[in-house]
Amino acid sequence: MFLFGHDPFLFPTLSAGLQAFVRSAYGALLLLTLAAALPQARRYFQSERWGGYARSSAWVDAVQNPYVGPWLLAVWVASALCLVFGEFVVLAAGVNLLLCHYLFIRMRWRGVLRGMGAPGFIAFWLGAAVFFLELTARHAPDLQGLALLMVQVDFGSIMISAGLYKLLSGYRAGFGMQLGMVNPEWGYWPAFWRNWPPQHPLFRFLNEMAWSTEVFAGVLMLLPPTRMLGGLAILVSFVFIATQIRLGFLCEMIVVCCLLFVPADSAVDRALVALLPGGHAAFQTGAPLPRRHSAGFTCSCCRSFAPGCSTTRLPTKGCPRRSSGRSIATRI
-12 MFLFGHDPFL FPTLSAGLQA FVRSAYGALL LLTLAAALPQ ARRYFQSERW GGYARSSAWV
48 DAVQNPYVGP WLLAVWVASA LCLVFGEFVV LAAGVNLLLC HYLFIRMRWR GVLRGMGAPG
108 FIAFWLGAAV FFLELTARHA PDLQGLALLM VQVDFGSIMI SAGLYKLLSG YRAGFGMQLG
168 MVNPEWGYWP AFWRNWPPQH PLFRFLNEMA WSTEVFAGVL MLLPPTRMLG GLAILVSFVF
228 IATQIRLGFL CEMIVVCCLL FVPADSAVDR ALVALLPGGH AAFQTGAPLP RRHSAGFTCS
288 CCRSFAPGCS TTRLPTKGCP RRSSGRSIAT RI
(Lines of atoms letter the chains of each structure in order from A and count residues from 1; the text may use other names and numbers.)
(Lines give C-alpha, C1' and ligand atoms only; values in the text may rest on other atoms or scores of the structure.)
Protein backbone atom coordinates (compact mmCIF):
# COMPACT_ATOMS: atom_id res chain seq x y z
CA MET A 1 0.00 0.00 0.00
CA PHE A 2 1.37 3.40 -0.94
CA LEU A 3 1.07 6.21 1.57
CA PHE A 4 2.38 9.19 -0.42
CA GLY A 5 2.66 10.47 -3.94
CA HIS A 6 0.18 8.33 -5.89
CA ASP A 7 -2.92 10.51 -5.77
CA PRO A 8 -2.58 12.72 -8.89
CA PHE A 9 -5.02 15.26 -7.48
CA LEU A 10 -3.41 15.81 -4.08
CA PHE A 11 0.22 14.90 -4.75
CA PRO A 12 1.86 16.60 -7.76
CA THR A 13 4.18 14.82 -10.18
CA LEU A 14 7.34 15.87 -12.01
CA SER A 15 8.90 14.01 -14.91
CA ALA A 16 12.46 12.72 -14.58
CA GLY A 17 13.55 14.70 -17.63
CA LEU A 18 12.22 18.02 -16.35
CA GLN A 19 13.64 17.40 -12.89
CA ALA A 20 17.06 16.71 -14.43
CA PHE A 21 16.86 20.01 -16.32
CA VAL A 22 15.87 21.90 -13.15
CA ARG A 23 18.87 20.40 -11.35
CA SER A 24 21.31 21.21 -14.16
CA ALA A 25 19.93 24.72 -14.70
CA TYR A 26 20.19 25.45 -10.99
CA GLY A 27 23.79 24.25 -10.94
CA ALA A 28 24.66 26.48 -13.89
CA LEU A 29 22.98 29.54 -12.34
CA LEU A 30 24.73 28.86 -9.05
CA LEU A 31 28.08 28.81 -10.85
CA LEU A 32 27.26 32.15 -12.46
CA THR A 33 26.25 33.58 -9.08
CA LEU A 34 29.53 32.51 -7.50
CA ALA A 35 31.50 33.81 -10.49
CA ALA A 36 29.82 37.21 -10.15
CA ALA A 37 30.86 37.37 -6.49
CA LEU A 38 34.49 36.34 -7.02
CA PRO A 39 35.83 39.86 -7.83
CA GLN A 40 34.73 40.91 -4.33
CA ALA A 41 35.52 37.57 -2.69
CA ARG A 42 37.75 39.06 0.01
CA ARG A 43 35.05 41.48 1.14
CA TYR A 44 32.22 38.95 0.90
CA PHE A 45 33.83 35.74 2.09
CA GLN A 46 36.40 36.79 4.73
CA SER A 47 35.83 38.01 8.25
CA GLU A 48 36.88 41.34 9.72
CA ARG A 49 39.88 39.72 11.32
CA TRP A 50 41.23 38.80 7.87
CA GLY A 51 40.39 42.06 6.11
CA GLY A 52 36.90 41.16 4.95
CA TYR A 53 33.48 42.54 5.83
CA ALA A 54 31.93 39.57 7.64
CA ARG A 55 31.32 40.22 11.33
CA SER A 56 34.07 38.61 13.35
CA SER A 57 33.37 35.71 15.71
CA ALA A 58 35.20 32.54 16.69
CA TRP A 59 33.29 30.44 14.13
CA VAL A 60 33.35 33.00 11.32
CA ASP A 61 37.06 33.65 11.81
CA ALA A 62 37.74 29.91 11.66
CA VAL A 63 35.77 29.44 8.44
CA GLN A 64 36.00 32.70 6.51
CA ASN A 65 39.75 33.18 6.34
CA PRO A 66 42.37 33.09 3.56
CA TYR A 67 43.19 29.44 4.30
CA VAL A 68 39.85 27.67 4.72
CA GLY A 69 37.68 29.99 2.61
CA PRO A 70 39.21 29.16 -0.80
CA TRP A 71 38.78 25.44 -0.13
CA LEU A 72 35.12 25.93 0.76
CA LEU A 73 34.60 27.89 -2.45
CA ALA A 74 36.33 25.13 -4.40
CA VAL A 75 34.04 22.52 -2.82
CA TRP A 76 31.03 24.73 -3.59
CA VAL A 77 32.03 25.07 -7.24
CA ALA A 78 32.63 21.32 -7.46
CA SER A 79 29.18 20.58 -6.03
CA ALA A 80 27.59 22.96 -8.55
CA LEU A 81 29.44 21.22 -11.39
CA CYS A 82 28.21 17.85 -10.14
CA LEU A 83 24.64 19.15 -10.25
CA VAL A 84 25.13 20.38 -13.80
CA PHE A 85 26.52 17.08 -15.05
CA GLY A 86 24.50 14.73 -12.85
CA GLU A 87 27.36 13.20 -10.86
CA PHE A 88 27.09 12.33 -7.14
CA VAL A 89 23.87 14.31 -7.23
CA VAL A 90 22.48 13.74 -3.74
CA LEU A 91 25.84 14.33 -2.06
CA ALA A 92 26.51 17.43 -4.15
CA ALA A 93 23.02 18.81 -3.47
CA GLY A 94 23.47 18.23 0.27
CA VAL A 95 26.86 19.96 0.39
CA ASN A 96 25.50 22.87 -1.65
CA LEU A 97 22.50 23.19 0.66
CA LEU A 98 24.74 23.44 3.73
CA LEU A 99 26.94 26.08 2.12
CA CYS A 100 23.94 28.07 0.84
CA HIS A 101 22.39 28.03 4.29
CA TYR A 102 25.60 29.21 5.92
CA LEU A 103 26.33 32.08 3.54
CA PHE A 104 22.84 33.15 2.42
CA ILE A 105 20.84 32.54 5.62
CA ARG A 106 23.07 32.32 8.69
CA MET A 107 25.34 35.18 7.55
CA ARG A 108 22.49 37.34 6.22
CA TRP A 109 22.80 39.97 8.96
CA ARG A 110 26.45 39.38 9.79
CA GLY A 111 28.26 40.89 6.82
CA VAL A 112 28.17 43.38 3.98
CA LEU A 113 27.01 40.67 1.56
CA ARG A 114 23.69 40.50 3.45
CA GLY A 115 23.13 36.97 2.20
CA MET A 116 22.96 38.35 -1.36
CA GLY A 117 19.42 39.53 -0.63
CA ALA A 118 16.60 37.93 -2.62
CA PRO A 119 18.96 36.24 -5.14
CA GLY A 120 20.76 34.53 -2.25
CA PHE A 121 17.53 33.44 -0.59
CA ILE A 122 16.16 31.93 -3.80
CA ALA A 123 19.51 30.21 -4.44
CA PHE A 124 19.16 28.60 -1.00
CA TRP A 125 15.49 27.75 -1.51
CA LEU A 126 15.95 26.18 -4.92
CA GLY A 127 18.99 24.32 -3.59
CA ALA A 128 16.78 22.84 -0.86
CA ALA A 129 14.14 21.88 -3.42
CA VAL A 130 16.72 20.17 -5.63
CA PHE A 131 18.14 18.27 -2.64
CA PHE A 132 14.80 16.89 -1.43
CA LEU A 133 13.58 16.02 -4.91
CA GLU A 134 16.81 14.26 -5.86
CA LEU A 135 16.98 12.44 -2.52
CA THR A 136 13.44 11.09 -2.80
CA ALA A 137 13.73 10.30 -6.51
CA ARG A 138 16.74 8.05 -5.90
CA HIS A 139 16.18 6.66 -2.42
CA ALA A 140 12.49 7.09 -1.52
CA PRO A 141 10.44 7.35 -4.74
CA ASP A 142 7.16 6.81 -2.90
CA LEU A 143 7.81 10.00 -0.95
CA GLN A 144 8.62 12.20 -3.93
CA GLY A 145 5.03 13.33 -4.35
CA LEU A 146 5.02 14.52 -0.75
CA ALA A 147 8.36 16.30 -1.21
CA LEU A 148 7.13 18.05 -4.36
CA LEU A 149 3.90 19.05 -2.61
CA MET A 150 5.95 20.58 0.22
CA VAL A 151 8.05 22.51 -2.31
CA GLN A 152 5.03 23.81 -4.22
CA VAL A 153 3.12 24.91 -1.12
CA ASP A 154 6.19 26.71 0.20
CA PHE A 155 6.87 28.51 -3.07
CA GLY A 156 3.22 29.53 -3.45
CA SER A 157 3.28 30.93 0.09
CA ILE A 158 6.47 32.86 -0.72
CA MET A 159 4.80 34.43 -3.75
CA ILE A 160 1.73 35.44 -1.74
CA SER A 161 3.98 37.00 0.91
CA ALA A 162 6.02 38.87 -1.72
CA GLY A 163 2.89 40.19 -3.40
CA LEU A 164 1.36 41.40 -0.14
CA TYR A 165 4.62 43.12 0.74
CA LYS A 166 4.53 45.00 -2.58
CA LEU A 167 0.89 45.90 -2.01
CA LEU A 168 1.59 47.35 1.45
CA SER A 169 4.94 49.00 0.66
CA GLY A 170 3.75 51.49 -1.95
CA TYR A 171 3.22 49.81 -5.31
CA ARG A 172 -0.43 50.89 -5.39
CA ALA A 173 0.68 54.44 -4.58
CA GLY A 174 3.05 54.55 -7.55
CA PHE A 175 6.32 53.64 -5.84
CA GLY A 176 7.43 50.44 -7.50
CA MET A 177 8.58 49.21 -10.88
CA GLN A 178 9.49 52.58 -12.37
CA LEU A 179 12.03 53.28 -9.61
CA GLY A 180 14.12 50.35 -10.75
CA MET A 181 13.50 50.88 -14.46
CA VAL A 182 14.79 54.48 -14.50
CA ASN A 183 17.72 53.91 -12.12
CA PRO A 184 20.92 53.42 -14.18
CA GLU A 185 22.31 51.13 -11.46
CA TRP A 186 19.30 48.84 -11.73
CA GLY A 187 17.56 49.26 -15.06
CA TYR A 188 18.72 48.09 -18.47
CA TRP A 189 16.99 50.94 -20.34
CA PRO A 190 17.06 54.03 -18.06
CA ALA A 191 17.59 56.45 -20.95
CA PHE A 192 14.31 55.27 -22.45
CA TRP A 193 12.16 55.11 -19.32
CA ARG A 194 13.30 58.37 -17.71
CA ASN A 195 11.42 60.27 -20.42
CA TRP A 196 8.13 58.80 -19.17
CA PRO A 197 6.30 60.68 -16.37
CA PRO A 198 6.01 58.74 -13.09
CA GLN A 199 2.21 58.94 -13.31
CA HIS A 200 2.08 57.33 -16.76
CA PRO A 201 -0.68 54.69 -17.03
CA LEU A 202 1.88 52.08 -18.09
CA PHE A 203 3.78 52.42 -14.81
CA ARG A 204 0.51 52.23 -12.90
CA PHE A 205 -0.38 49.06 -14.80
CA LEU A 206 3.02 47.48 -14.13
CA ASN A 207 2.83 48.30 -10.42
CA GLU A 208 -0.65 46.84 -10.10
CA MET A 209 0.40 43.73 -12.00
CA ALA A 210 3.55 43.33 -9.88
CA TRP A 211 1.69 42.74 -6.62
CA SER A 212 -1.52 41.20 -7.94
CA THR A 213 0.19 38.62 -10.15
CA GLU A 214 2.23 37.31 -7.24
CA VAL A 215 -0.75 37.14 -4.87
CA PHE A 216 -3.19 35.50 -7.27
CA ALA A 217 -0.61 33.21 -8.86
CA GLY A 218 0.48 32.15 -5.37
CA VAL A 219 -3.11 31.21 -4.54
CA LEU A 220 -3.37 29.25 -7.80
CA MET A 221 -0.19 27.37 -6.85
CA LEU A 222 -1.85 26.16 -3.66
CA LEU A 223 -4.89 24.70 -5.44
CA PRO A 224 -4.30 21.30 -7.09
CA PRO A 225 -6.27 21.97 -10.32
CA THR A 226 -4.50 25.30 -10.99
CA ARG A 227 -0.92 24.63 -9.88
CA MET A 228 0.56 24.84 -13.35
CA LEU A 229 -1.36 28.03 -14.22
CA GLY A 230 0.08 29.76 -11.16
CA GLY A 231 3.59 28.62 -12.00
CA LEU A 232 3.34 29.76 -15.60
CA ALA A 233 1.96 33.16 -14.53
CA ILE A 234 4.99 33.80 -12.32
CA LEU A 235 7.31 32.45 -15.02
CA VAL A 236 6.00 34.91 -17.63
CA SER A 237 6.12 37.86 -15.22
CA PHE A 238 9.75 37.22 -14.27
CA VAL A 239 10.78 36.73 -17.88
CA PHE A 240 9.54 40.30 -18.43
CA ILE A 241 11.28 41.60 -15.29
CA ALA A 242 14.55 40.01 -16.46
CA THR A 243 14.44 42.21 -19.56
CA GLN A 244 14.07 45.41 -17.52
CA ILE A 245 15.89 45.27 -14.17
CA ARG A 246 19.25 43.90 -13.01
CA LEU A 247 18.61 41.43 -10.22
CA GLY A 248 21.62 39.16 -10.50
CA PHE A 249 20.30 35.73 -11.45
CA LEU A 250 17.14 36.03 -9.36
CA CYS A 251 14.75 36.11 -12.32
CA GLU A 252 16.37 33.14 -14.00
CA MET A 253 16.21 31.08 -10.80
CA ILE A 254 12.54 31.97 -10.28
CA VAL A 255 11.82 30.83 -13.84
CA VAL A 256 13.48 27.50 -12.99
CA CYS A 257 11.42 27.31 -9.77
CA CYS A 258 8.24 27.68 -11.81
CA LEU A 259 9.10 24.58 -13.85
CA LEU A 260 8.46 22.56 -10.68
CA PHE A 261 4.74 23.20 -11.23
CA VAL A 262 4.59 21.47 -14.63
CA PRO A 263 2.98 18.05 -14.04
CA ALA A 264 4.51 14.96 -15.56
CA ASP A 265 3.14 13.84 -18.93
CA SER A 266 1.19 17.07 -19.47
CA ALA A 267 1.32 18.77 -22.86
CA VAL A 268 3.63 21.44 -21.43
CA ASP A 269 5.88 18.79 -19.91
CA ARG A 270 6.15 16.85 -23.16
CA ALA A 271 6.99 20.03 -25.07
CA LEU A 272 9.63 21.10 -22.55
CA VAL A 273 11.21 17.65 -22.33
CA ALA A 274 11.48 17.55 -26.12
CA LEU A 275 13.08 21.01 -26.31
CA LEU A 276 15.30 21.20 -23.23
CA PRO A 277 18.76 19.62 -23.08
CA GLY A 278 18.86 16.46 -21.01
CA GLY A 279 15.09 16.20 -21.16
CA HIS A 280 15.07 12.43 -21.58
CA ALA A 281 17.17 11.71 -18.50
CA ALA A 282 16.29 8.83 -16.21
CA PHE A 283 17.08 8.42 -12.53
CA GLN A 284 19.57 5.88 -11.24
CA THR A 285 17.63 4.55 -8.28
CA GLY A 286 19.84 3.71 -5.32
CA ALA A 287 19.45 2.07 -1.96
CA PRO A 288 16.25 3.07 -0.17
CA LEU A 289 16.28 5.00 3.06
CA PRO A 290 16.13 2.99 6.29
CA ARG A 291 12.63 1.89 7.19
CA ARG A 292 12.32 4.33 10.08
CA HIS A 293 12.86 7.23 7.64
CA SER A 294 10.57 6.09 4.86
CA ALA A 295 7.11 4.66 4.47
CA GLY A 296 5.05 3.14 1.72
CA PHE A 297 7.61 0.76 0.19
CA THR A 298 6.40 -2.55 -1.19
CA CYS A 299 8.09 -5.91 -1.25
CA SER A 300 10.42 -6.75 -4.11
CA CYS A 301 8.04 -9.23 -5.70
CA CYS A 302 5.47 -6.45 -6.16
CA ARG A 303 7.74 -3.93 -7.90
CA SER A 304 7.84 -3.43 -11.63
CA PHE A 305 9.92 -0.63 -13.13
CA ALA A 306 10.27 0.56 -16.69
CA PRO A 307 13.53 2.30 -17.68
CA GLY A 308 13.25 6.02 -17.04
CA CYS A 309 9.88 5.69 -15.33
CA SER A 310 9.20 6.09 -11.63
CA THR A 311 5.75 4.51 -11.81
CA THR A 312 5.29 1.46 -9.60
CA ARG A 313 2.60 -1.12 -10.31
CA LEU A 314 1.08 -3.62 -7.92
CA PRO A 315 -0.32 -6.93 -9.14
CA THR A 316 -3.96 -7.60 -8.38
CA LYS A 317 -3.18 -11.04 -6.99
CA GLY A 318 -0.45 -13.55 -6.40
CA CYS A 319 1.66 -11.59 -3.93
CA PRO A 320 2.41 -13.75 -0.87
CA ARG A 321 3.04 -10.71 1.35
CA ARG A 322 0.36 -8.28 0.22
CA SER A 323 -2.44 -9.99 2.11
CA SER A 324 -0.55 -9.69 5.36
CA GLY A 325 -0.39 -5.93 5.01
CA ARG A 326 3.37 -5.91 5.56
CA SER A 327 5.70 -3.70 3.57
CA ILE A 328 9.47 -3.86 3.47
CA ALA A 329 12.08 -1.59 1.95
CA THR A 330 14.29 -3.39 -0.52
CA ARG A 331 17.31 -2.46 -2.58
CA ILE A 332 16.26 -1.51 -6.11
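In this text, residue positions in the sequence shown follow our numbering: the first is -12, and each later residue adds one. Don't be surprised by glycine CBs; every beta carbon is placed ideally from N, CA and C. In this text, all values refer to a predicted model and were calculated from it rather than measured experimentally.
DSSP lists 174 as the beta-bridge partner residues of residue 232. One alpha carbon belongs to residue 214, the other to residue 60, and they sit about 36 Å apart. Here residue 98 is bridged, per DSSP, to 41. Per DSSP, reduced to three states, the secondary structure at residue 34 is strand. Residues of the same chain with a CB within less than 7 Å of the CB of residue 225, apart from the 5 flanking positions on each side, are 238, 241, 242 in chain order. Residue 210 carries a coil assignment under DSSP once its states are collapsed to helix, strand and coil. Counting the other CB atoms within 10 Å of its CB gives residue 121 a total of 16 or more, which places it among the buried residues. Per DSSP, residue 55 lies in no alpha helix (DSSP H) and is assigned neither H nor E. A distance below 6 Å between beta-carbons, with the five flanking residues on each side excluded, links residue 66 to the following residues of its chain, in chain order: 79, 82, 83. Counting of Cβ neighbours within 10 angstroms places residue 250 among the buried residues, the total reaching 16 or more.
The DSSP assignment places complete alpha helix (DSSP H) segments of no fewer than 4 residues inside the region 81 to 127 at 104 to 126, in order along the chain.
Contact between residue 32 and residue 39 holds, with the beta-carbon distance rounding to 7 Å and staying under 8 Å. DSSP places residue 262 in the uninterrupted alpha helix (DSSP H) bounded by 254 to 262. Just so you know, the alpha carbons of residue 254 and residue 136 end up roughly 20 Å apart. For residue 186, the secondary structure class from DSSP, reduced to helix, strand or coil, is coil. One Cα belongs to residue 50, the other to residue 101, and the distance between them is close to 17 Å. The C-alpha of residue 149 lies about 10 Å from the C-alpha of residue 143. Scanning its chain for C-beta atoms nearer than 6 Å, with the 5 sequence neighbours on each side dropped, one finds around residue 198 the residues 150, 153, 154, 158, in chain order.
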